[in-house]
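Below is one structure, written out as structure tokens; comments come after it.
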Amino acid sequence: MEEFHHLSVLAQEVIEQLAPRPGGIYLDGTLGGGGHSELILEKIGPDGLLIGIDRDQSALAAASERLRRFGSSFKPLQGSFGDLAELLKREGINALDGLLLDLGVSSHQLDTDERGFSFRLDGPLDMRMDRTCGDSAADLLQECSEQKLEQIIKEFGEERWARKIAQRIVQVRQETPISTTLQLADLVAGTIPRRFHEDRIHPATRTFQGLRIAVNQELEQVQQGVTAGIAALKPGGRIAVISFHSLEDRIVKHLFREAATGCTCPPRMPYCVCNKKPHLRILTGRPIIAGAEETDRNPRARSAKLRVAEKLG
Numbered sequence: 068m069e070e071f072h073h074l075s076v077l078a079q080e081v082i083e084q085l086a087p088r089p090g091g092i093y094l095d096g097t098l099g100g101g102g103h104s105e106l107i108l109e110k111i112g113p114d115g116l117l118i119g120i121d122r123d124q125s126a127l128a129a130a131s132e133r134l135r136r137f138g139s140s141f142k143p144l145q146g147s148f149g150d151l152a153e154l155l156k157r158e159g160i161n162a163l164d165g166l167l168l169d170l171g172v173s174s175h176q177l178d179t180d181e182r183g184f185s186f187r188l189d190g191p192l193d194m195r196m197d198r199t200c201g202d203s204a205a206d207l208l209q210e211c212s213e214q215k216l217e218q219i220i221k222e223f224g225e226e227r228w229a230r231k232i233a234q235r236i237v238q239v240r241q242e243t244p245i246s247t248t249l250q251l252a253d254l255v256a257g258t259i260p261r262r263f264h265e266d267r268i269h270p271a272t273r274t275f276q277g278l279r280i281a282v283n284q285e286l287e288q289v290q291q292g293v294t295a296g297i298a299a300l301k302p303g304g305r306i307a308v309i310s311f312h313s314l315e316d317r318i319v320k321h322l323f324r325e326a327a328t329g330c331t332c333p334p335r336m337p338y339c340v341c342n343k344k345p346h347l348r349i350l351t352g353r354p355i356i357a358g359a360e361e362t363d364r365n366p367r368a369r370s371a372k373l374r375v376a377e378k379l380g
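Residue 70 in this note's numbering is what sits at position 3 of the sequence shown, and the numbering runs on without skipping anything.
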């Protein structure tokens, strides 16, 4: 089996906020290496059930091995957390006591050159969470119009130099396909003027982020997964979401606020006609972030933000 390692961020904070109960039914929609799931399983005991979803076959295999000692209390499923409503229906599960989504890319995916997520390792420009389907990042670079590439890099990567980068990609691909990670990283670094290179951030960081989000349709998955997750919770059940960049966090924040909002009638109305009632209580006014000890141990935790909410009765 392919070796899989991943450091789970904000692990203790997740357990404190999710507060898993013995015998409960929980879902880890982004299973990864199984670190968070292991902690949840230890709390829910032999009568509980933890469903782990992941698109990555390597993650599922590694987590299944790690969590084998929990027997039938752990149920791995391959799929996307955006489809969790369908996956739960297929398993005959009507409601959850808790749900975790740890968004983003695992340490294993970043540190494995053939996955194509990292601009620091030379490998095929893939970036697919599920390597069995869909277009790779190299496919997008070859097939998308200059306008579409600019949109992806600007909107998903939040890159100010998106237009110049897209123009350069189109120029280069006319001569040779852009098919490796270092090829793209060097192209981006050479396109952005050196005086605008940041000390702690590689110049290709935002371009890689934009392509990865586009390849995996990540923002659509967040929208669908969080919405379905809220709907699947029992009264008193909790949803915890860890995001790693502002685009994801903004979606989670908006969906939580929308679900926690009651009457939206204008103040001049003598009585409510919208009949809208809140069905979520936000438990984290501000997102929880990693402390200095964790960020020293795992620098990738620096950008992690944890938001938690509870389903109302």
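The beta carbon of each residue, even a glycine, is placed where N, CA and C say it ideally should be.
With a threshold of 16 other beta carbon atoms within 10 Å, cysteine 211 meets it and is buried. Short of 6 Å from the beta carbon of alanine 126, and not among the five residues preceding or following it, lie these beta carbons of its own chain, in chain order: Leu98, Gly99. Following the DSSP letters along the chain, one finds glycine 296 inside the alpha helix (DSSP H) bounded by residues 285-299.
Between leucine 192 and leucine 251, the C-beta gap is smaller than 8 Å, which places the two residues in contact. Positions of the alpha helix (DSSP H) runs, each at least 4 residues long and wholly inside the stretch 154-235, are given as 174-178, 204-210, 213-218 in order along the chain. In this model, alanine 376 and aspartate 266 are separated by some 36 Å (Cα to Cα). Exclusion of the five residues before and after asparagine 283 leaves Met196 as the residues of its chain whose Cβ lies within less than 6 Å of its Cβ. In this structure, isoleucine 280 and phenylalanine 223 form a Cβ contact; the two beta carbons are roughly 4 Å apart against a cut-off of 8 Å. Of all alpha-carbon atoms in Lys378, Asp169, Leu379, Lys301, the one lying nearest the alpha-carbon of serine 104 is that of Asp169. Bridge pairing for serine 310: Lys372 [DSSP]. From the listed residues Ile232, Pro333, Glu361, Val319, the smallest Cα separation to glycine 352 is found for Val319. Going by DSSP, isoleucine 92 is part of no alpha helix (DSSP H) but of the beta strand (DSSP E) stretching over 92-95. In the DSSP assignment, leucine 98 falls outside any alpha helix (DSSP H), carrying neither H nor E. Note on geometry: alpha-carbon atoms of glutamate 217 and arginine 273 lie some 12 Å from one another. Proline 354 places its beta carbon 8 Å or farther from that of alanine 327.
In the DSSP annotation of this structure, the continuous segment of the alpha helix (DSSP H) that includes leucine 127 starts and ends at 124-133. Cβ neighbours of arginine 230 within its own chain (closer than 6 Å, five residues either side excluded): Glu217.
The DSSP-derived three-state label of glutamate 80 is helix. Counting only the Cα atoms, alanine 233 lies some 8 Å from glutamine 214. Glutamate 377 carries a strand assignment under DSSP once its states are collapsed to helix, strand and coil. Per DSSP, the beta-bridge partners of lysine 142 are Ile118.
Per DSSP, reduced to three states, the secondary structure at arginine 267 is coil, with no helix or strand assignment.
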